[in-house]
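Chemist: Quick note on our numbering: the sequence shown kicks off at 56 and runs consecutively.
The following block contains the structure, expressed as structure tokens.
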Amino acid sequence: MSDSVLPLKGNKKELLTALITGATSGIGRATAQEFAKHGINLVLCGRRQERLDTVQKDLSKHVNVHTLNFDVRDKDATFKAIGSLPEAFQTIDILINNAGNAHGLDPIQTGNLDDWDAMMDINVKGLLYVSKAIIPSMTERQSGHIINIGSSAGKEVYPKGNVYCGSKHAVLAITEGMRIDLNPFGIKVTAINPGLVETEFSEVRYKGAENANNTYKGFKALQAEDVAEAIYFAVSRPAHVNIADILMFCTAQASSTIVKKDL
Ligand code: NDP
Ligand code: 8X3
């Protein structure tokens, strides 16, 4: 299926290109797969080159794919990588700011400083660096769509969530700020805020698969593909429609702290 002529401002007729951060795993990788199904060319970003190569190999059968290996915490590396894009990939129509994780789950009084740095540097500052590298070309063209992956943790705070929730509240505030500032340029800005999604997220949070195993037991969590479909829904709306904000849970989840489990 190739319905990649999506309704961005200006009725662009050539194929669209999306840059996805955190495309080596979970929601980012599933979004790359979903976009490839719809004929959207891809710039896939992450730190694990082997995984980038695997996803590229898989999706190159359907669309043009370029990979960028950089750590979003590293300002210079971020600008250098995005500045190095070959001409065919320089026009980014859709930016998916997805790279991010929770690091640790501790009460504030015993929280780990390195974990705090990681969450603020990756989830908040990394998102800003990538956006800063891409937004000028969108304002110049007066066209584009930015989708920031927030979280239900950006809308409510739960025990031991402190800094991760803070980082995701910041993502939501920055998203709303982007929507206001980019309004004169006709650029769409969307927040996608999922609850529990079964990815490698918990392995990172608990620093290893062993400890993470219980997170998704006893209920069917959202799958990365469910979120990817919501993202594609947002990018495929008509030119006059901007999906501002989606909060999505699995059926078993009612809030950050209420999950119906059959254990
Ligand atoms: P995963 O752990 O599966 O994926 C995280 C991705 O982020 C990986 O591709 C990783 O790539 C990338 N990443 C992490 N740190 C960096 C870094 N410093 N520089 C560049 N890339 C980085 O988790 P999810 O797919 O679940 O998470 C994706 C987003 O969704 C995150 O923003 C997360 O906060 C959010 N989210 C997740 C939920 C969940 O329950 N899973 C719920 C709500 C929101 P690599 O290691 O190769 O660099
Ligand atoms: C990830 C979902 O509930 O672990 O953002 O914060 S949660």
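All C-beta atoms in this analysis are idealised placements derived from N, C-alpha and C, irrespective of residue type, glycine included.
Could you check where the beta strand (DSSP E) with Ile-151 kicks off and where it finishes?
Modeler: 149 to 152 is the extent of the beta strand (DSSP E) around Ile-151.
Chemist: CB of Lys-275 to nearest heavy atom of ligand 2: below 7 Å?
Modeler: Every heavy atom of ligand 2 is 7 Å or more from the Cβ of Lys-275, so no.
Chemist: State the Cα-Cα distance for the pair Arg-84 and Val-110, rounded to the nearest angstrom.
Modeler: Arg-84 and Val-110: Cα-Cα distance of roughly 8 Å.
Chemist: Distance, Cα to Cα, His-121 vs Gly-77?
Modeler: Between His-121 and Gly-77, the C-alpha separation is close to 14 Å.
Chemist: Please list, in chain order, all residues of the same chain as Ala-173 whose beta carbon is under 7 Å from its beta carbon, the five residues on each side excluded.
Modeler: Closer than 7 Å at the Cβ level, and outside the excluded window around Ala-173, lie His-158.
Chemist: Suppose you measure from the CA of Leu-123 to the CA of Glu-253; what does that come to, to the nearest Å?
Modeler: Approximately 25 Å between the Cα atoms of the pair.
Chemist: Name the one or two DSSP bridge partners that Lys-243 has.
Modeler: Answer is His-200, bridged to Lys-243.
Chemist: Measuring alpha carbon to alpha carbon, tell me which of Ala-264, Ile-149, Asn-119, Tyr-213 ends up nearest Thr-245.
Modeler: Closest option to Thr-245, Cα to Cα, is Ile-149.
Chemist: Under 8 Å, do Ile-235 and Asn-153 count as touching if we go by C-beta distance?
Modeler: The answer is no: Cβ separation not under 8 Å.
Chemist: Can we count Asn-178 as close to ligand 1, meaning its CB is less than 7 Å from some heavy atom?
Modeler: Answer for Asn-178: yes, Cβ within range of ligand 1.
Chemist: Does ligand 2 have a heavy atom nearer than 7 Å to the CB of Ala-283?
Modeler: Checking the Cβ of Ala-283 against ligand 2 gives no.
Chemist: In the structure shown, what three-state DSSP assignment does Cys-305 receive?
Modeler: Of the three classes helix, strand and coil, the one that applies to Cys-305 here is coil, per DSSP.
Chemist: Exposed or buried, what is Asn-217 when buried is set at 16 or more other beta-carbons lying within 10 Å of its beta-carbon?
Modeler: Result: buried.
Chemist: Look at the alpha carbon of Lys-326 and the alpha carbon of Asn-203, and state the distance between them as a whole number of angstroms.
Modeler: Residue coverage of the chain in this structure runs from 56 to 318, which leaves residue 326 outside it and unanswerable.
Chemist: Any chance you could list the alpha helix (DSSP H) runs of at least 4 consecutive residues sitting entirely within the region 101 to 160, in chain order?
Modeler: Runs of the alpha helix (DSSP H) inside the region 101 to 160: 104 to 114, 130 to 138.
Chemist: Of the residues Thr-146, Glu-142, Phe-144, Phe-125, which one's Cα is nearest the Cα of Ala-136?
Modeler: For the residues Thr-146, Glu-142, Phe-144, Phe-125, the minimum Cα distance to Ala-136 belongs to Phe-125.
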